[in-house]
Amino acid sequence: DIAGFVFTAPYYYSSTSAQLINFFKGVAAATRHDILLYDLAVVTQSKITYDIVLEMIRDIPNLAGIKSADEQMFRKLKLNPDVPRDFITVYSGLDTFDIAYKWGIDNCLDGMLSCTPYNTEKLFAALAEGDDTGAAGYLNNIVALRDFFVGHDLWPSFSAAMNLLGYEGDFTPDYVCKLQDGYWDQIRAELVRIGEPVSG
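Residue 9 is where the sequence shown starts when you use our numbering, and the numbers rise one by one after that.
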C-alpha cells in the first residue's frame, strides 16, 4: 500500500506564498493519501516557510509532514503547541545533522546515508548516547565521502559505492558520464578508509 506522496514546489519559475499554498492544496485534494512537503528551494527557487507550513497544517488534513534543511523552521515547528505531535519533520541538512539532533530533530534523510551503512549506524548510536565527539567523527566521515564524490562526479561515484557495498544495479540518472579509469579503486580505498564494509 502507498503511505503517501512527497511533493516539491513547482520549479519552472519561482512561486509566491499564495501560489505555493494553492498548489499544495490542489495536490492534497487530488489524493486520499497523505502528502509530505519537500522544501528544496535551491532547485525550485521557492522557499516553503514556517508561516506557509502553519497555514497548510490548518487547511490540509492529509498533510503529514515536511522534509527540509531549515533548522530554524523545524525548531519552531517542534516548539509550537498548535503543530500536531505526529507531524513528521525530516531533516535534509546532512552537514549539520548532529547539531539539529540536539534540537530534537532526529530524522535525517540524505542519499549519503545509503552508501555509508556502518558510519550511519554508528552516527545514530552515538547521537542517542550523547557522544557528541563520536557522532561528529562519523558524520565527518560521511560528509568527507560525499565531498570526495562531488570532487569527481557525484552520481557515478555514488553508484560505484553502492555496488562496492554489494548492491546491484545502476543508481545514476541515465545522462551521466561513466567513471574515469582507475577511479573505482579510489572509491574502494575511500570506503575502506572510513570503515565501510566493501564486498569483493
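Note that the Cβ used here is the ideal one computed from N, Cα and C, for glycine as well.
Where does the unbroken beta strand (DSSP E) through residue i begin, and where does it stop?
{"i": "Leu71", "result": "71 to 76"}
{"i": "Ile68", "result": "No beta strand (DSSP E) contains Ile68, which DSSP labels as neither H nor E."}
{"i": "Tyr109", "result": "Segment 105 to 110 is the alpha helix (DSSP H) holding Tyr109; no beta strand (DSSP E) there."}
From the DSSP output, in three-state form, read off residue i for me.
{"i": "Asp90", "result": "coil"}
{"i": "Asn14", "result": "The sequence as given places Val at residue 14; Asn does not occur at that position. Strand."}
{"i": "Thr97", "result": "strand"}
{"i": "Asp193", "result": "helix"}
{"i": "Val206", "result": "coil"}
Would you kindly work out how many angstroms separate the C-alpha atoms of residue i and residue j, rounded to a whole number?
{"i": "Leu131", "j": "Asp189", "result": "32 Å"}
{"i": "Ser22", "j": "Ala169", "result": "35 Å"}
{"i": "Tyr212", "j": "Tyr183", "result": "Residue 212 lies beyond the stretch modelled for the chain, which goes from 9 to 208, so this question has no answer here."}
{"i": "Gln27", "j": "Tyr19", "result": "12 Å"}
Run through the DSSP bridge pairs and tell me what residue i is partnered with.
{"i": "Gly42", "result": "Looking at the sequence shown, residue 42 is not Gly but Asp. Per DSSP, Gly12."}
{"i": "Cys116", "result": "Tyr99"}
Give the range of the alpha helix (DSSP H) segment to which residue i is assigned.
{"i": "Leu153", "result": "140 to 158"}
{"i": "Gly34", "result": "25 to 37"}
{"i": "Val51", "result": "49 to 52"}
{"i": "Ser165", "result": "162 to 172"}
{"i": "Tyr126", "result": "125 to 137"}
- [ ] Give a yes or no on contact between the region 195 to 203 and the region 144 to 160, applying the rule of three or more CB pairs nearer than 8 Å.
- [x] Yes, the region 195 to 203 is in contact with the region 144 to 160.
Inspect the CB distances between the region 77 to 90 and the region 56 to 66 and report whether three or more fall short of 8 Å.
-> Counting Cβ pairs under 8 Å, three or more are found: they touch.
| task | Taking 8 Å as the threshold, find out whether the region 31 to 50 comes into contact with the region 102 to 113 through three or more Cβ pairs. | result | The answer is no - the region 102 to 113 does not touch the region 31 to 50, with fewer than three Cβ pairs under 8 Å.
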